[in-house]
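This report concerns only the one structure given below.
Residue numbers (UniProt numbering): 1 to 77.
Quick look at the structure:
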């Protein structure tokens, strides 16, 4: 291979293989992606009148609040 052949190569970036982000740039700047969007959509679809939905909401609260509380307690030590 000669040095002239290297100029003809087109380098492929990893982003070429990833699906495009369907969120607007404002949401992307805030850090929203398809995973956080799905979680928000799931939490928004819960009905407060149904007992099972309330249990799921409480579980979600505990799951997401526990790391925050533990981090704050660790920082205060």
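We put the beta carbon where it would ideally sit given N, CA and C, even for glycine.
Alpha-carbon spacing of residue i relative to residue j, whole angstroms
| i | j | result |
| --- | --- | --- |
| residue 34 | residue 45 | 16 Å |
| residue 20 | residue 26 | 15 Å |
| residue 30 | residue 22 | 14 Å |
| residue 70 | residue 61 | 14 Å |
Of the residues the options, the one placed nearest residue i, counting alpha carbons only
| i | options | result |
| --- | --- | --- |
| residue 37 | 72, 47 and 24 | 24 |
| residue 56 | 42, 69, 26 and 67 | 42 |
| residue 40 | 64, 51 and 50 | 64 |
Neighbourhood of residue i by C-beta distance below 7 Å, restricted to the same chain and skipping five residues each side
| i | result |
| --- | --- |
| residue 53 | 46 and 47 |
Beta-carbon contacts of residue i that lie in its chain and below 8 Å, excluding the five residues immediately before and after
| i | result |
| --- | --- |
| residue 18 | none |
The alpha helix (DSSP H) enclosing residue i, as first and last residue numbers
| i | result |
| --- | --- |
| residue 74 | 51 to 76 |
| residue 41 | 34 to 44 |
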